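See structure below.
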Amino acid sequence: MRRWLPTLLVLLFPAGLPGQSAPDRAALDRFRDSLATADLAALAQLQRTLTRSADPMAQLRLGLLALRRHQLGADLDASEARGLLRRVARRTSSWPYAWHALAEAERARSAWERADSLALGSRVGVGSLERALEAERRALESDPRYLPAAAGLAGLALGLRDTALLVPARDALRRSDSAFAHHGPGPSAVPAELLLALGRLERATDRLDSALSAFARARTAAPRPAARSMAELEEARTALARGAAGAERLYF
19 MRRWLPTLLV LLFPAGLPGQ SAPDRAALDR FRDSLATADL AALAQLQRTL
69 TRSADPMAQL RLGLLALRRH QLGADLDASE ARGLLRRVAR RTSSWPYAWH
119 ALAEAERARS AWERADSLAL GSRVGVGSLE RALEAERRAL ESDPRYLPAA
169 AGLAGLALGL RDTALLVPAR DALRRSDSAF AHHGPGPSAV PAELLLALGR
219 LERATDRLDS ALSAFARART AAPRPAARSM AELEEARTAL ARGAAGAERL
269 YF
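Quick note, my numbering runs 18 ahead of the 1-based positions in the sequence shown.
Quick look at the structure:
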């Protein structure tokens, strides 16, 4: 048994934690972090331990483990991870973490499909990305304030460049914006990361005034200089696209 394996076993079944509580999500994050240096033999041993439990948290960990095995080349097409995570997401449909992990597995499947030199056509891998987008949407539906899903949804919608997908994604992020604002002390409670993603979707759907507003709010909310600089750059790009007075000054 590898030296780090007992530590992993302690993380498998945190007692008394309701599904998708904040401590529960933190425990899942720690579990994923603990897999970073794992080798395939030790992962197989851990997999056998998890498989013996029908507990939803154990099954979700099993899916995350399968994702790690895919990264290590043991499950090239991510079919094992997709199957496990699809089942646990359907079983625990109110858990955003499960839906977001399923989206990761679908993106991994898309990358595998696109890497096939024999696959022809412009839509190779697109179906998997569309399923990933739907999984991110379900995650946000479960919890509008789950930032990883908000960022994932925006990135997928913008990357697919399908106008039919942009408006629903934008509206989902608008709901996230509202959820953060109502949960905290006001608009300042909305994370800059969400506002940047929302602004890009607003711009992609030709809502330039709304995009400018989102980027200006992101600039104010950004906790770090790099994030503020990105908000300023996006604000300047949008002002140029709108033809606003002084846009060149903002850009330079």
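Where is the CB? At the ideal position from N, CA and C, for every residue including glycine.
Since the model is a prediction, treat every value here as computed from it, not as a measurement.
Leucine 53 vs arginine 86 beta-carbon contact at 8 Å: Here residue 53 corresponds to residue number 35 of the sequence shown, with the count starting at 1. Here residue 86 corresponds to residue number 68 of the sequence shown, with the count starting at 1. For leucine 53 and arginine 86, yes; Cβs fall inside 8 Å.
Rounded to the nearest angstrom, what separates tyrosine 11 and serine 196 at their Cα positions? Any question about residue 11 goes unanswered here, given that the chain covers just 19 to 270.
Segment contact, 8 Å Cβ cut-off, at least three pairs: the segment 208-221 with the segment 167-181: They touch, by the three-pair rule.
Return helix, strand or coil for glutamine 38, following the three-state DSSP convention. Walking along the sequence shown from the start, residue 38 turns up at place 20. Glutamine 38 falls in the coil class under three-state DSSP.
Here's a check: name, in chain order, each residue in its chain whose Cβ is nearer than 6 Å to the Cβ of leucine 102, leaving out the five neighbours to either side. Position 84 of the sequence shown, counting from 1, holds the residue named residue 102. Beyond the five residues adjoining it in sequence on each side, leucine 102 comes within less than 6 Å, by CB distance, of Leu80, Gly81, Ala84 in the same chain, given in chain order.
Based on Cα-Cα distance, which residue from Arg108, Leu61, Tyr115, Ala107 lies nearest to glutamine 89? Sequence index remark: in the sequence shown, residue 89 carries index 71 (1-based). Ranking the options by Cα distance to glutamine 89, first place goes to Leu61.
Kindly give me the distance between the Cβ atoms of glutamate 253 and phenylalanine 233, rounded to whole angstroms, as I take these residues to be in contact under 8 Å. Along the sequence shown, one-based indexing puts residue 253 at 235. Along the sequence shown, one-based indexing puts residue 233 at 215. For a cut-off of 8 Å, the C-beta gap from glutamate 253 to phenylalanine 233 is around 4 Å, short enough to register as a contact.
Of the choices Ser111, Ala76, Ala123, whose alpha-carbon is the least far from that of serine 97? Within the sequence shown, residue 97 is the residue found at index 79, counting from 1. Proximity to serine 97 across Ser111, Ala76, Ala123 peaks at Ala123, based on C-alpha coordinates.
According to DSSP, is valine 142 part of a helix, a strand, or is it coil? Walking along the sequence shown from the start, residue 142 turns up at place 124. When DSSP states are grouped into helix, strand and coil, valine 142 belongs to the coil group.
The alpha helix (DSSP H) enclosing proline 114, as first and last residue numbers: As a first step, residue 114 is located in the sequence shown; it is residue number 96 there, counting from the start. Per DSSP, proline 114 belongs to the alpha helix (DSSP H) from 114-132.
Contacts around threonine 223, its chain only, beta-carbon distance under 6 Å, and the 5 residues preceding and following it disregarded: Stepping through the sequence shown from its first residue, residue 223 is reached at position 205. Here the set comprises Leu184, Val185, Arg188.
Does DSSP classify valine 106 as helix, strand or coil? For the purposes of this step, residue 106 is taken as residue 88 along the sequence shown, with counting starting at 1. Note: valine 106 maps to helix in three-state DSSP.
Can you tell me which of the three DSSP states arginine 179 falls into? In the sequence shown, counting from the first residue as 1, residue 179 sits at position 161. Coil, per DSSP.
Three-state secondary structure (DSSP) at tyrosine 164? Within the sequence shown, the letter at position 146 stands for residue 164. Coil, per DSSP.
Glycine 143: buried (16+ other C-beta within 10 angstroms of its C-beta) or exposed? Residue numbering aside, residue 143 sits at position 125 when the sequence shown is read from its first letter. Classification for glycine 143: buried.
Using the Cα positions of arginine 50 and alanine 121, report the straight-line distance between them to the nearest angstrom. Mapped onto the sequence shown, residue 50 falls at position 32. Mapped onto the sequence shown, residue 121 falls at position 103. Rounded to the nearest angstrom, the gap between the Cα atoms of arginine 50 and alanine 121 is 16 Å.
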